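Report on the structure given below.
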Amino acid sequence: MEQPKEQRTPSKKSGSKRSTKSRARPQRHKLSYKTRAATWLEPRILMITTGVTLLGVLFQVIAIATESWLIMNVHGEGVYRNSSGKFLLEAYTGLWRLCRVELEKKVDQAGKQVEIVHETCERHNFFPKGDDNNEGQPIDSHHLGKRFD
1 MEQPKEQRTP SKKSGSKRST KSRARPQRHK LSYKTRAATW LEPRILMITT
51 GVTLLGVLFQ VIAIATESWL IMNVHGEGVY RNSSGKFLLE AYTGLWRLCR
101 VELEKKVDQA GKQVEIVHET CERHNFFPKG DDNNEGQPID SHHLGKRFD
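In the UniProt record's numbering, the protein residues as written are 1 to 149.
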């Protein structure tokens, strides 16, 4: 014998088509003050740190690409360099090379003093070999602030 199937009847509320065993709505949890502050603050901190990082990358690209980001001008007659016998008037450097503008004072055959301006550039040697070090070469005393005798 077959037993009759249970039939669901509509709820007694007027206009409602839901069954008596309807799904319950999820309850909304009230967020605490700290949770609301964290959800508000976190995206802003992320945006600020991203901006600072991009600014740092921009500065790094500029430092690598710029050829003369450190410029030194000497007023007056310049600084006498012992190693070259010339007066340093200006120097500028970037990441890749160092350039110097020097003044050389000579006396020509007629007895007149002649001033010749030289500009020399050299690449920075980032990986010197054992033969390239400066041991035994004269050191300019005014660069070190000491006098070696």
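Virtual Cβ for every residue (Gly too), placed ideally from N, Cα, C.
Nothing here was measured: the structure is a model prediction, and the numbers come from that model.
Note on geometry: alpha-carbon atoms of Val107 and Val114 lie some 6 Å from one another.
By the neighbour-count definition (other C-beta atoms within 10 Å, threshold 16), Leu70 is an exposed residue. Close CB contacts of Asn73 within its chain, under the 6 Å cut and outside five residues either way in sequence, are with Glu90 (chain order). Leu46 has its alpha-carbon roughly 18 Å from the corresponding atom of Lys34. If you draw a straight line from the Cα of Cys121 to the Cα of Gly51, it comes to about 37 Å. Taking C-beta separations shorter than 7 Å and ignoring five residues to either side along the sequence, the partners of Leu103 in its chain run Gly78, Lys86, Phe87, Leu89, Glu115, Val117, following chain order.
Per the DSSP secondary-structure output, Phe127 pairs with nothing in a beta bridge.
Collapsing the DSSP output to three states places Leu95 in coil. The shortest C-alpha to C-alpha distance from Leu95 to any of Leu58, Gly76, Ala65 is the one to Ala65. Burial check for Arg100: the Cβ neighbour count within 10 Å reaches 16 or more, so the residue is buried.
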